[in-house]
Amino acid sequence: MKKILLAVTCGLLAVLLLTNAGAREFDSLLSVAGSYVEDSPLGVACVDSIRFVVYEPEPESFRYFVVSDDFVRLKGYKGYTNLGVLMNDKAEILDVWIVSSDDTRRIVNKIKHSGMLEQFRSTSKGKQIKHVTGATVTSQVICKTIGQMLPILESKAEAMREASAGMRDIHE
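Mapping of the sequence shown onto the working numbering: residues 40 to 211, in sequence order.
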């Protein structure tokens with residue numbers, strides 16, 4: 040009997056720890072999104088291990104904030120660069136930010152101030168993006184990251200919309 044009680048207690052403790060870890064990851068994503076997006080979020084959802092913050096700027100229209108580290112990790116000049124991407128419910132990019140980077144501050148600032156990230160707004164497949172001279176490797180990795188993110192996000196767009204609609208219904 041003691042062994043069964045111990046096993047049940049350990050199982051419940053494991054579930055509690057996993058739930059708390061998941062909640063911390065969602066809180067962390069919400070905090071990162073809040074640094075870039077001014078709107079109030081409906082909440083955080085997850086579809087096939089892709090976490091996203093949900094916004095509803097107008098009825099029946101959703102926007103999502105995702106971070107590239109959740110599903111694409113490519114190494115740049117000095118390491119990894121994690122992007123924050125704001126997209127609409129048709130998987131069109133509205134904005135891109137560098138959330139974190141292992142590259143030097145000089146390279147990251149060069150990219151941030153070059154206008155390169157703004158080129159991704161309303162990006163569709165096949166659009167040519169100009170790289171930043173002096174930050175070529177990192178800007179190429181950013182382009183490859185977005186290029187790999189787009190088809191994944193497009194394939195998940197319907198599931199993300201459904202999760203968002205359910206979240207909206209709970210708030211009403």
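Just so it is clear, CB atoms sit at the ideal spot from N, CA and C, and this is done for glycine as well.
Query                                                                                                                                  : Result
Own chain, CB closer than 6 Å to residue 117, minus 5 neighbours either side, in chain order                                           : 141, 142
Residue environment, residue 61, which counts as buried when at least 16 other CB atoms sit within 10 Å                                : Below a pLDDT of 50, predicted positions are generally treated as unreliable, and residue 61, at 49, falls in that range; the measurement from the model is reported next regardless. Exposed, since its Cβ has fewer than 16 Cβ neighbours within 10 Å.
Rounded distance between the beta-carbons of residue 126 and residue 102, thought under 8 Å                                            : 7 Å
Host alpha helix (DSSP H) of residue 147 (start-end)                                                                                   : 144-153
Opening and closing residue of the beta strand (DSSP E) in which residue 97 lies                                                       : 89-97
Residues sharing a beta bridge with residue 183, DSSP                                                                                  : DSSP, once it has assigned bridges, lists no residue as partnering residue 183.
Buried/exposed call for residue 135, threshold 16 Cβ in 10 Å                                                                           : buried
Candidates 92, 75, 87, of which the one nearest residue 65 by Cα                                                                       : 92
Under the three-state DSSP convention, the category residue 61 falls into                                                              : Any reading at residue 61 is ruled out, since the residue's pLDDT is 49, under 50, leaving its predicted position unreliable.
C-beta atoms of residue 130 and residue 196 nearer than 8 Å                                                                            : yes
Cutoff 8 Å: residue 206 Cβ touching any chain C Cβ                                                                                     : Chain labels in this structure do not include chain C; a single protein chain is all it has.
Neighbourhood of residue 87 by C-beta distance below 7 Å, restricted to the same chain and skipping five residues each side            : 195
DSSP beta-bridge partners of residue 125                                                                                               : 104, 134
Backbone secondary structure at residue 174 - three-state DSSP                                                                         : coil
Beta-carbon proximity check, residue 177 vs residue 111, cutoff 8 Å                                                                    : no
8 Å Cβ shell around residue 223 - same chain, five flanking residues per side excluded                                                 : For the chain, the structure presents residues 40 to 211; residue 223 sits outside this window and is missing.
Where residue 75 sits in the DSSP three-state scheme                                                                                   : helix
Contacts around residue 193, its chain only, beta-carbon distance under 8 Å, and the 5 residues preceding and following it disregarded : 130
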